[in-house]
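Structure, as structure tokens:
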Ligand code: 13P
């Protein structure tokens, strides 16, 4: 049986108090039959969670240590205390921009799970790797090295070259990658690997969401730019609910 779909928004470094109204509009428009979360900057998490009780709010990163002298970082239990229920780990903007290794990403996932947060673990290849024909081997190895021992809530396949560019892989390429990632999840977790949701991320829009959700082993999406307004995000969520 297909997994229930999860559509998560990643607001990246956007959003202030003025954005709460948009978050309320998004939460109010979610249909039944689909899970939705918005991953926000740490400054907005608690305000948003109070504004939309029962709607899942998440964070975009977490430190791997429980507490300590880590200036500027946020611990998993602090995110939980702020009422986050999800956290993204291993986004390419962290892996590349902050030089995060697979080992660090794995440690962050372990810390997040220890505090009761649901983990969305990101993997994805560069354009060079895609053009060299080694996307599947590179992303599979990245996943193997980043997965924590306990099953994550979701894995997001985000080709780096598709993020914020308006370009997406062919549906065949998405299907091939998701099938490969599913087999890695089953190798890691046994039957539990079947219920880890595999999200596609990178330039998901209202115009392409339905066809992406129609691909086998696509259990939802991680959406950047198009998650910032109810007008763009809700049609994507509806496409997931209908798929
Ligand atoms: P866009 O949807 O803006 O391409 O961003 C994708 C992304 O990075 C989500 O984490």
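Numbering (this note's numbering), first residue to last: 14 to 256. Idealized CB from N, CA, C, for every residue including glycine.
Residue 27 has its Cβ no nearer than 8 Å to any heavy atom of ligand 1. Contact annotation: the stretch 145-153 does not touch the stretch 115-126, with fewer than three C-beta pairs closer than 8 Å. For ligand 1, the residues with a Cβ under 6 Å from any of its heavy atoms are, in chain order, 23, 104, 171, 176, 177, 214, 215, 216, 217, 235, 236, 237, 238, 239.
In the displayed model, residue 99 falls within a strand according to three-state DSSP.
Remark: C-beta atoms of residue 51 and residue 33 do not approach each other more closely than 9 Å. Pairing residue 62 with residue 90 gives a Cβ-Cβ distance that is not under 9 Å. Counting the other Cβ atoms within 10 Å of the Cβ of residue 229 gives fewer than 16, which makes it exposed. Look at residue 70 here: in three-state DSSP terms it is strand. Straight-line spacing of the CA atoms in residue 95 and residue 59 works out to 5 Å. Using a Cβ-Cβ distance cut-off of 8 Å, the stretch 173-184 and the stretch 149-164 are not in contact, since fewer than three pairs of beta carbons, one from each stretch, lie closer than that value. 49 is the residue among 49, 29, 15, 27 whose C-alpha sits nearest the C-alpha of residue 235. About 18 Å separates the CB atoms of residue 53 and residue 233; that is not less than 8 Å, and the two are not in contact. Residue state for residue 204 is assigned as helix, using DSSP reduced to three classes. Around residue 188, the same chain offers 228, 229 as residues with beta carbons nearer than 6 Å, after the five sequence neighbours per side are excluded. Looking at 144, 174, 193, the one whose alpha-carbon comes closest to that of residue 168 is 193.
Taking 9 Å as the cut-off, the beta carbon of residue 47 is found no closer than this to the beta carbon of residue 208.
Here the C-alpha atom of residue 225 lies approximately 18 Å from the C-alpha atom of residue 136. Around the beta carbon of residue 215, a 10 Å sphere encloses 16 or more other beta carbons of the protein chains shown; the residue is thus reported as buried.
Counting every other CB atom within 10 Å of its CB across the protein chains shown gives residue 74 a total of 16 or more, marking it as buried. Here residue 83 is exposed: its Cβ has fewer than 16 other Cβ atoms, across all protein chains shown, within 10 Å.
Nearest to residue 210 by alpha-carbon distance, out of 238, 195, 222, 254, is 195.
Excluding the 5 residues flanking it on each side, residue 23 has same chain C-beta neighbours closer than 8 Å at 52, 73, 101, 104, 214, 235, 236, 237, 240, in chain order. Here DSSP, grouped into helix, strand and coil, assigns residue 176 to coil. When rounded, the separation of the alpha-carbon atoms in residue 255 and residue 246 is 14 Å. DSSP, reduced to helix, strand and coil, places residue 232 outside both helices and strands of the structure shown, so it counts as coil.
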